[in-house]
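Below is one structure, written out as structure tokens; comments come after it.
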Amino acid sequence: MSSNRYFPMFSIMLVLLSIAAVSYTAVSVAADDSSSDSLAEAGLSLIALRNDTLDTNQDGDNDAIRVVVVFNTEQDSTNLELRLIGEYKDREVTEILQFTFSGQSNASLVYDAWASGEHELRLQIVDQDGNIITTIPLPTYVLKPALQTPSIMLALNAPQHIETGDECTISRIFSDETGPRYGATGVRTFSGAPFTVLDSQNSLDCSHWPAGDYQLKEAYRNDLGQTTEDWLNLTIHNRPAPDFTLLVSGNGNTTDTECRITMTPTDEQIDFTSFQKIWRIQGDQIPGNTGDQFDCTTLSAGVHLVSLEVINNELISAIEGVNLVRLPGEELTEEQKSVAPSRSYGDDTETESVGWISIGVLGLVVVVLSYLVLVRVKDSDEQLPMRDLGPTPMILPDGSPDSEGLPTTTDDDGVLWRQHPDGNHDWWDAELRVWVRW
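Here the sequence shown is numbered in numbering that gives the first Met the number 0, starting from 0 and rising by one per residue.
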């Protein structure tokens with residue numbers, strides 16, 4: 000079968016390939032005699048071999064090589080595997096194409112640069128049994144990759160001053176087009192978080208992280224030796240306890256008037272709606288009352304300790320209390336008067352007279368008791384001994400303390416001490432001039 004009849008078809012194919020490429024430089028490579036002999040033994044002939052340099056991202060630098068081959072076979076059906084091997088700094092990557100054909104057929108492979116520099120290319124032709132028929136050396140190209148090299152970025156979306164419970168997310172922006180292109184995907188590692196982070200988590204919710212300082216780091220290395228990493232430092236502060244005051248209306252009024260105790264947040268920007276609120280009277284919780292206001296109208300006359308405990312979403316609580324005074328009303332039933340505290344009604348307050356006789360008897364009793372007390376005091380004064388002025392001063396004729404032969408020492412404060420055989424100590428009182436047991 001003559002190959003000339005297929006040459007127009009091959010030319011058309013090359014034109015189509017040149018149109019598809021953004022920018023390229025074509026180089027034809029002829030197989031040497033040894034390669035031709037190996038192909039002939041396998042029943043193959045290499046009609047054409049062409050290399051095209053491509054600039055896929057149109058930045059003016061070549062970043063890929065397209066290799067086009069045209070084969071002719073004498074067999075009814077031939078299975079081949081083409082391996083386009085690129086070597087860069089002793090590291091190889093391989094692009095593989097398997098195809099079946101009969102008669103004359105063509106195939107193309109594209110090598111994408113994964114690093115900037117010189118890439119040595121060669122084409123291996125392998126039979127269906129995995130045996131290498133021949134290896135054709137290709138030119139060395141200086142390429143600059145258009146594939147995106149590995150990159151990692153940790154982006155924080157949170158307030159400038161983060162407190163526990165604030166909306167907080169960390170976006171993990173990761174990309175690597177080079178590793179997956181050649182089956183050289185690497186491993187991502189994440190450290191510094193309080194919980195385990197999986198590769199599938201593109202966003203981390205730090206809203207519920209405990210308070211503390213965090214140094215987050217994510218690193219990546221693919222099997223081509225390309226690495227990247229990024230750091231993120233953040234601090235989460237403990238949210239302060241709820242700050243509020245109690246506004247009282249009706250304190251000191253009578254029980255027949257209205258009474259209200261209202262919680263008022265100190266910072267109006269803080270929403271207390273979701274916080275738990277517990278009202279208590281004298282320490283006893285009021286069941287079912289969890290609102291911002293307490294109706295104290297129904298409280299009986301007297302003094303009541305009313306307190307409110309507010310617990311925020313982080314279980315941090317604060318308590319405020321007031322002493323509420325409620326006076327008896329103007330119109331009370333006898334039963335209410337019996338349990339109500341005493342109240343003065345001014346000139347209308349009823350009083351009971353104790354009588355002049357009672358006052359005279361009381362005065363007489365006081366005079367008698369006073370006489371008896373005076374007589375007993377006089378008798379006891381005659382028998383009182385003289386006051387003991389304390390122990391005799393313990394000094395030597397020269398005025399120095401008498402240690403009685405015991406070892407002495409003076410501490411840093413200038414106090415003289417002596418030690419007894421049993422281990423006990425005395426210190427010298429310079430004012431009374433006596434030893435005082437320690």
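Built from N, CA and C at the ideal position, the CB exists for glycine as well.
Ignore the nearest five residues each way along the sequence and tell me which others in residue i's own chain have a CB closer than 7 angstroms to its CB.
i	result
D60	D54, K143
L153	I169, R171, L215, E217, D229, L231
S273	N312
P136	R121
W208	P193, I235
L146	D111, W113, E176, T177, R180
What does the alpha-carbon distance come out to for the pair residue i and residue j?
i	j	result
G42	A114	38 angstroms
I132	S76	17 angstroms
L16	F173	Residue confidence is low: L16 scores 42 on pLDDT, short of 50, so the model does not pin down where it sits. Its coordinate-derived value is still stated next. Spanning the two alpha carbons is a distance of roughly 33 angstroms.
N252	H236	44 angstroms
I95	Q57	26 angstroms
A47	A106	11 angstroms
N311	D175	44 angstroms
P420	P406	9 angstroms
A39	R82	19 angstroms
G191	N423	59 angstroms
L108	L203	41 angstroms
C167	T265	25 angstroms
L383	L373	Summary for L383: the model assigns pLDDT 49, below 50, so the residue's position carries little reliability; its value from the coordinates is reported in the next sentence. For L383 and L373, the distance between alpha carbons rounds to 16 angstroms.
D89	S35	28 angstroms
H188	G282	According to the sequence provided, residue 188 is Thr. The question's His does not apply to it. Taking the straight line joining both Cα atoms gives about 53 angstroms.
N71	S33	17 angstroms
A183	L233	33 angstroms
V66	S104	14 angstroms
E267	G287	25 angstroms
Would you identify the three-state DSSP class for residue i, choosing helix, strand or coil?
i	result
V367	helix
S202	strand
P209	coil
W437	coil
L439	Nothing can be reported for residue 439: it is not among the residues displayed for the chain, which extend from 0 to 437.
A39	helix
S22	Here the model assigns S22 a pLDDT of 46, short of 50, so the residue's position is not dependable and the matter cannot be decided.
T52	strand
T177	helix
V196	coil
I315	coil
L323	strand
S33	helix
F9	Bear in mind that the predicted position of F9 carries a pLDDT of just 39, short of 50, making it unreliable; the figure below should be weighed with that in mind. Looking at F9 - three-state DSSP - the assignment turns out to be helix.
G362	helix
S357	helix
With a CB to CB cut of under 6 angstroms and the five nearest residues on each side skipped, what residues in its chain are close to residue i?
i	result
E119	E86, T139
R436	D425
T134	R121, Q123
V247	I260, V321
Y110	I64, L83, G85, E94
L298	R325
E162	H236, R238
N201	R171
Residues in its own chain within less than 8 angstroms of residue i by CB, not counting five upstream and five downstream?
i	result
V186	Y219, R220
H160	H236
T226	P149, A218, Y219, R220
Check your understanding: Where are the beta strand (DSSP E) runs, 3 residues long or more, that stay fully inside the region 271-301, in chain order?
Key -> 275-280, 292-294
Review point. At a cut of 8 angstroms, does the region 308-325 reach the region 230-244 through at least three beta carbon pairs?
Key: yes
Exercise for review: Output the residue ranges of the alpha helix (DSSP H) runs that lie fully inside the region 387-427 and measure 4 residues or longer, sorted by chain position.
Suggested key: none
Review point. Whole beta strand (DSSP E) runs in the region 228-270 with 3 or more residues, listed along the chain?
Key: 243-248, 259-264
Exercise for review: Assess, as a yes-or-no matter, whether the region 64-79 is touched by the region 95-110 under the definition of 3 or more beta carbon pairs within less than 8 angstroms.
Suggested key: yes
Review point. Between the region 277-288 and the region 304-312, are three or more C-beta pairs nearer than 8 angstroms?
Key: yes
Practice item. Would you list, in sequence order, the uninterrupted beta strand (DSSP E) runs of no fewer than 3 residues that lie entirely inside the region 54-112? Key: 63-72, 77-87, 90-100, 103-111
**Study point:** At least three beta-carbon pairs within less than 8 angstroms, the region 257-268 to the region 281-298
**Key:** yes
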